[in-house]
């Protein structure tokens, strides 16, 4: 009897706990979407316990998405229940742990009995109203994780799957087929699984991001010590001079900021070269303002313009026509226009 009562207690808890730990970028228009809910619809792919399935379609032409892991496993790693990415930064677990220099697997048991006991304890804490937020969720972001972070949503993950009949050349639905009519791509990224993404071990997407970040070029300071200006590219219409001043002032005293809106860039000039080098070193490849990733580089002085003569109309560099030494006809002499020329017979 106690065992049966305990099982009914946890079943009631599963039905009350809804699918809430979903990344906001994947359900951006959830009020207008039709969602399908299935209680105990499937077992969690991490802890193998039944949980409530939530399914929806993000938009026209997208594939249906559903929750893959339960809410308890999602809270343990602070990840989305659908894409298994970090809820705060939108990165794989392996990339997040590497950037923050933490190990989120130490506190999570792997064996069946210990894992079941651990999840039951988390369920009791959730029912009691206690906070299950992991300690690494409260760590302030550093420069490394800002370099990896993707500020804009990645809508490619919402594309439908490749049609299996199209691969065989047997699809007869044509434009009405809800799947993509493309040949599948083969490679390391085509072989992924949820457990590797969740535990952050041998995640192929994470390894690709880490390798790409290691190949990012660093910002090399110019040899001219008089250059104290940084060029910020990629501005949008919502950014103002005050936004740049508030962000760059923490790295040194600013002399001036010049906005060039028609080219979507700005020039930030520091009072000293040391402050400019400090800002360039700390903000290189990780400059994000108002959720917009910006490109930073050194502002080189404009080259001195050579004195230009009268504008030339010969765009194709054709040679000038030869000029006659004297006028062949009296009418060609501009100095004598309107004058009367004596005839040859008169003296």
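Residue numbers (the numbering used here): 3 to 349.
Even for Gly, the Cβ is constructed at its ideal location relative to N, Cα and C.
Bear in mind the structure is a predicted one, so any value in this text is a computation, not a measurement.
Closer than 8 Å by C-beta to residue i: which residues in its own chain qualify, once you throw out the five before and the five after it? Chain order, please.
i           : result
residue 280 : 253 and 254
residue 257 : 230, 271, 272 and 273
residue 37  : 56, 57 and 58
residue 48  : 71, 72, 75, 196, 197 and 200
residue 193 : 206
residue 283 : 221
What would DSSP say about residue i, mapped onto helix, strand or coil?
i           : result
residue 240 : coil
residue 166 : helix
residue 54  : strand
residue 74  : helix
residue 5   : Annotation note: pLDDT 47 at residue 5 (below 50); position unreliable, coordinate value reported separately. Residue 5 falls in the helix class under three-state DSSP.
residue 89  : coil
residue 79  : helix
residue 151 : coil
residue 43  : strand
residue 160 : helix
residue 213 : helix
residue 116 : helix
residue 232 : strand
residue 69  : coil
residue 38  : strand
residue 130 : coil
residue 64  : coil
residue 102 : helix
residue 124 : helix
residue 208 : helix
residue 308 : Reliability fails at residue 308, whose pLDDT of 48 lies under 50, so the model's placement of it is uncertain and no value is given.
residue 222 : coil
residue 95  : helix
Contact defined as beta carbons within less than 8 Å: I believe residue i pairs with residue j. What is the distance between those atoms, to the nearest angstrom?
i           : j           : result
residue 224 : residue 302 : 7 Å
residue 151 : residue 92  : 7 Å
residue 268 : residue 237 : 6 Å
residue 259 : residue 243 : 5 Å
residue 100 : residue 212 : 6 Å
residue 1   : residue 266 : No answer is possible for residue 1: it lies beyond the span of the chain, which begins at 3 and ends at 349.
For residue i, which residues from the same chain have a beta carbon less than 6 Å from its beta carbon, with the 5 sequence-adjacent residues on both sides left out?
i           : result
residue 40  : 55
residue 120 : 111
residue 115 : none
residue 42  : 52
residue 208 : 94, 96 and 97
residue 172 : none
Excluding the 5 residues flanking residue i on each side, which residues of the same chain have their C-beta closer than 7 Å to its C-beta?
i           : result
residue 287 : 149 and 218
residue 164 : 181, 182, 184 and 186
### Query
Unbroken beta strand (DSSP E) runs of length 3 or more, entirely within the segment 243–305: which are they?
256–262, 267–272, 289–291 and 294–300
### Message
For the structure I just gave you, are there three or more beta carbon pairs, one from the segment 241–249 and one from the segment 221–230, closer than 8 Å?
### Response
no
### Query
With a cut-off of 8 Å, do at least 3 Cβ pairs link the segment 72–79 to the segment 177–189?
By the C-beta criterion, the segment 72–79 is judged not to be in contact with the segment 177–189, since fewer than 3 inter-stretch pairs fall below 8 Å.
#### Entry: Complete runs of the alpha helix (DSSP H) confined to the segment 177–202 [at least 4 residues]
196–201
### Query
Is it a yes or a no for the segment 82–100 touching the segment 192–199, going by three-plus beta-carbon pairs under 8 Å?
yes
### Task
Pair every Cβ in the segment 288–297 with every Cβ in the segment 205–219, then say whether three or more of these pairs are closer than 8 Å.
In short, these stretches do not touch, since the Cβ pair count stays below three.
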